[in-house]
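The next block holds one structure in the form of structure tokens; read it before the comments.
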């Protein structure tokens, strides 16, 4: 995908040590992947790339907002997200991404793309249950009020309902003690 060239890291020319890459992710990034769950997106991704002699350590950090529909009201709102993704890149005879924490690249490769990792980190960073903040406040107040009313009614019931036969037996026990 030629639109994702900015996410290619040519690591052959990099010196050993720490390098920082920053990306601004918006809706067009997700359109490339045909992912249309977000109305709008504004996410800042910082990639800390540590090059060592035999491997690379990558730490992705994403912060921002995505415009998603509420699961209860279907009203769109800005969902804040923060996500991290650690990744170790090693070299081997062939490409292998079976382990989600370790990526193995062939020895002859001189660059690789981080776009897929950024995409997965952001999509998985969005909560599975998306509820508009205003809806949560209303529901919490309603639930709390209903809970308190229910407790008061239970207390009233326990005070009012007694079996007169048991009351007489309780009196017998207290009479013997005195």
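Residue numbers (the UniProt record's numbering): 1 to 178.
All C-beta atoms in this analysis are idealised placements derived from N, C-alpha and C, irrespective of residue type, glycine included.
A quick note: this is a predicted structure, and the numbers were derived from the prediction, not measured.
The residue among 128, 76, 29 with its C-alpha nearest the C-alpha of residue 43 is 29.
A distance below 9 angstroms separates the beta carbons of residue 47 and residue 60. Its Cα nearest to that of residue 91, the residue 104 stands out among 83, 81, 97, 104. In this structure residue 40 touches residue 27 by the C-beta definition: roughly 6 angstroms separates them, less than 8 angstroms.
Within the stretch 99–123, no complete alpha helix (DSSP H) segment of 4 residues or longer occurs.
Residue 8 has its alpha-carbon roughly 8 angstroms from the corresponding atom of residue 115. Assignment of residue 39 by DSSP, reduced to helix, strand and coil, places it in the coil class. Here the alpha carbons of residue 98 and residue 45 stand approximately 24 angstroms from one another. A distance of 9 angstroms or more separates the beta carbons of residue 62 and residue 32.
In the DSSP assignment, residue 81 falls within the unbroken beta strand (DSSP E) covering 76–92.
Burial state of residue 6 is exposed, judged by a 10 Å Cβ sphere holding fewer than 16 other Cβ atoms. In this structure, DSSP gives residue 50 an extended state, which the three-state scheme calls strand. Residue pairing from DSSP places residue 56 in a beta bridge opposite 51, 89. Below 8 angstroms, enough C-beta pairs join the stretch 71–83 and the stretch 128–135 to call them touching: three or more. Separation of residue 101 and residue 89 (C-alpha to C-alpha, rounded to the nearest whole angstrom) is 9 angstroms.
The alpha carbon of residue 128 has as its nearest neighbour, out of 166, 50, 81, 168, the alpha carbon of 81.
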